[in-house]
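Participant: These protein sequence lines are chains A, B and C, in that order. Taken in order, the first sequence gives residues 1 to 139; the numbers are from this note's numbering. Taken in order, the second sequence gives residues 1001 to 1139; the numbers are from this note's numbering. Taken in order, the third sequence gives residues 2001 to 2139; the numbers are from this note's numbering. I'd like to ask you about the structure that follows.
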Amino acid sequence: MKSTKSDKTFIIRLEKEDKIIESLTTFCKDNNIKAGYFTGLGACESALLAHYSLETKKYSEKNLKEPLEIIHLNGNISEMNNEPYLHVHIAVSNDKMQVFGGHLKEAVIGPTCEIFLTPLEKTLNRKPDEEIGLNLLDI
Amino acid sequence: MKSTKSDKTFIIRLEKEDKIIESLTTFCKDNNIKAGYFTGLGACESALLAHYSLETKKYSEKNLKEPLEIIHLNGNISEMNNEPYLHVHIAVSNDKMQVFGGHLKEAVIGPTCEIFLTPLEKTLNRKPDEEIGLNLLDI
Amino acid sequence: MKSTKSDKTFIIRLEKEDKIIESLTTFCKDNNIKAGYFTGLGACESALLAHYSLETKKYSEKNLKEPLEIIHLNGNISEMNNEPYLHVHIAVSNDKMQVFGGHLKEAVIGPTCEIFLTPLEKTLNRKPDEEIGLNLLDI
């Protein structure tokens, strides 16, 4: 993982074998980022996608294991229990240009991933919501 | 609908049963936002998508009625006749992680929807374009 | 291509027959933009998508020739050899609301395309990476 900064924006490049969620969580800790959002593009070797059911309060999963373009890495940053909490959705495409998407549990970078991250001054927190079964933004 | 602000960015959380276009239009009116853009993610219970044909100058529609992850809520804000005008496209995925997308007519939120909205100082207007059959940005 | 500016953000409207990559590259040259990122939505008449294989170090392509909604135009701006270098991914949908996506080689605008571009002060450079076979961000 490489990074630089311009204006208030962090520019991050993930490298082959980097894990997206793991890497960005470390990045937020190291840079003391407690709120923000980011957008990215690139390509990955695999991606574990998930879909939430309000009825069962559980995620179903699909593990894609093939070279995939990352059409859009779409995420936000908050905190829970004083740790960075990343909420990330992703759209990826295979070599037929078919697109799959979902809540991103984790993905392993292939050639590269280029991320533009906008940090915010405010601390954003999450707390569990029993009815919904998820950790919602506490605003 | 809950919201807070950090730096110049509005952070908005839509709640179960909130309608995206209706809620954000109200938000822009209430906060006197005349231009801007936003990005979001979350999940919805239904989404009415549309596809425009230049030939017929009409939208065709598809009404999805199932739990869907919102991979990307992608919109901009302008004004027409002194009212907020939202132009929004969306990508959603079902429990097979298949993605559908289009011009968003309306969607009803399921568990949550987290939106980061960047307002701009300038007033952006739209005006109808006869040849295209749509209300284009007047710039 | 029409454009205006508010705060630091450029708002760009591409018009029927404009090519996305060609138009935005010209825009960056004309406005001396050496780094930044952008998001857009609209509709196109055709789009040439590509998918990279690390194994062969080549892109495969798919040329879509039909009216398509642009669900998301997702790009960043850097420089190589003192010329603007655009890295752009795109998701588009057909009249069945099916989504296709990939690395964008070029697309021809249909009714309109509305782009919000955030320039950054820093110069971002790219350089070829032999192992990966692509021009990576030099950070």
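Backbone N, C-alpha and C define an ideal beta-carbon position, used for all residues, glycine too. Everything numeric in this text was worked out from a predicted model, so none of it was measured.
When you compare each of C/GLY2075, C/PRO2111, C/LYS2105, C/ILE2090 to C/ALA2043 by their alpha carbons, which one comes out closest?
Facilitator: Counting from one through the third sequence, the residue named residue 2043 of chain C turns up at place 43. Among C/GLY2075, C/PRO2111, C/LYS2105, C/ILE2090, the Cα nearest to that of C/ALA2043 is on C/PRO2111.
Participant: So what does DSSP say about C/ASP2129, is it helix, strand or coil?
Facilitator: To locate residue 2129 of chain C, count along the third sequence from 1; it is residue 129. If DSSP states are grouped into helix, strand and coil, C/ASP2129 belongs with the strands.
Participant: Considering only the alpha carbon of each residue, which of C/GLU2121, C/TYR2059, C/GLN2098, C/ILE2071 lies closest to A/ASP95?
Facilitator: Residue 95 of chain A sits at position 95 when you count from the first residue of the first sequence. Checking every option, the nearest Cα to that of A/ASP95 belongs to C/TYR2059.
Participant: Taking 8 angstroms as the CB-CB cut-off, is C/SER2093 touching chain B?
Facilitator: Mapped onto the third sequence, residue 2093 of chain C falls at position 93. So, interface residue.
Participant: For B/ILE1115, which residues from the same chain have a beta carbon less than 6 angstroms from its beta carbon, with the 5 sequence-adjacent residues on both sides left out?
Facilitator: Taking the second sequence and counting its residues from 1, one reaches residue 1115 of chain B at position 115. Closer than 6 angstroms at Cβ, skipping near neighbours: ILE1012, PHE1038, GLY1040.
Participant: Is it the case that the stretch 2117-2135 of chain C contacts the stretch 2-12 of chain A, given that we only count it when at least three CB pairs across the two stretches are under 8 angstroms?
Facilitator: At 8 angstroms Cβ cutoff, the stretches touch.
Participant: Under 8 angstroms Cβ-Cβ, which residues of chain C neighbour B/PHE1100?
Facilitator: Here residue 1100 of chain B corresponds to residue number 100 of the second sequence, with the count starting at 1. Going along chain C in sequence order, the residues near B/PHE1100 (Cβ under 8 angstroms) are SER2093, MET2097, GLN2098, VAL2099.
Participant: Using the beta-carbon of each residue, which ones in chain B are nearer than 8 angstroms to A/TYR85?
Facilitator: Against the first sequence, residue 85 of chain A aligns to sequence position 85. Those within 8 angstroms of A/TYR85 in chain B number zero; the least Cβ separation is about 12 angstroms.
Participant: Can you give me the Cβ contacts of C/GLY2133 inside the same chain, cut-off strictly under 6 angstroms, excluding the 5 residues immediately before and after it?
Facilitator: Within the third sequence, the letter at position 133 stands for residue 2133 of chain C. Excluding sequence neighbours, C/GLY2133 sits near LYS2057.
Participant: Based on DSSP bridge pairs, tell me the residues matched to A/PHE100.
Facilitator: Taking the first sequence and counting its residues from 1, the one referred to as residue 100 of chain A is at position 100. Paired residue(s): A/VAL92, B/GLN1098.
Participant: At least one CB of chain D closer than 8 angstroms to the CB of B/GLU1121: is that the case?
Facilitator: This model lacks chain D altogether; the protein chains it does include are A, B and C.
Participant: Near B/LYS1142, what residues of its chain come up, given a Cβ to Cβ distance below 6 angstroms and the 5 sequence neighbours on each side ignored?
Facilitator: Any property of residue 1142 of chain B remains undetermined from this structure, which presents chain B solely from 1001 to 1139.
Participant: What residue from A/ASN32, A/LEU117, A/GLU131, A/SER53 has the CA that sits closest to A/LEU73's CA?
Facilitator: On the first sequence, residue 73 of chain A is found 73 positions in, with the first residue counted as 1. Of the candidates A/ASN32, A/LEU117, A/GLU131, A/SER53, the one whose C-alpha sits nearest the C-alpha of A/LEU73 is A/LEU117.
Participant: Taking 8 angstroms as the CB-CB limit, is B/THR1025 close to chain A?
Facilitator: Within the second sequence, the letter at position 25 stands for residue 1025 of chain B. It does not; no Cβ of chain A falls within 8 angstroms.
Participant: From this set, A/GLY36, A/GLU83, A/ASN31, A/VAL99, which residue's C-alpha is nearest A/GLY75's C-alpha?
Facilitator: Position 75 of the first sequence, counting from 1, holds the residue named residue 75 of chain A. Measuring from the Cα of A/GLY75, the nearest candidate turns out to be A/GLY36.
Participant: Return the chain-ordered list of same chain residues with a C-beta closer than 7 angstroms to the C-beta of C/VAL2108, the five sequence neighbours on each side being excluded.
Facilitator: Position 108 of the third sequence, counted from the start, is the residue given in the question as residue 2108 of chain C. GLU2017, LYS2019, CYS2044, GLU2045, SER2046, listed in sequence order.
Participant: Using a Cβ-Cβ cut-off of 8 angstroms (strictly less than) and excluding sequence neighbours within five positions of A/LYS140, which residues of its own chain qualify?
Facilitator: Given a span of 1 to 139 for chain A in the structure shown, any question on residue 140 of chain A remains unanswerable.
Participant: Looking at the structure shown, is C/LYS2150 part of a helix, part of a strand, or coil, going by DSSP?
Facilitator: For chain C, the structure presents residues 2001 to 2139; residue 2150 of chain C sits outside this window and is missing.
Participant: Could you check whether A/GLU69 and C/HIS2087 sit closer than 8 angstroms to each other, using their CB atoms as the reference points?
Facilitator: For this step, residue 2087 of chain C is matched to residue 87 along the third sequence. For this step, residue 69 of chain A is matched to residue 69 along the first sequence. In this structure, A/GLU69 does not lie closer than 8 angstroms to C/HIS2087 by Cβ.
Participant: Should B/ASN1125 be flagged as near chain C, meaning a C-beta pair shorter than 8 angstroms?
Facilitator: As a first step, residue 1125 of chain B must be located in the second sequence, where it is residue number 125. No, no contact with chain C.
Participant: Note down the Cα distance separating C/PHE2100 from A/GLU55, rounded to an integer number of angstroms.
Facilitator: As a position in the third sequence, residue 2100 of chain C is number 100, starting the count at 1. As a position in the first sequence, residue 55 of chain A is number 55, starting the count at 1. Cα to Cα, C/PHE2100 sits roughly 30 angstroms from A/GLU55.
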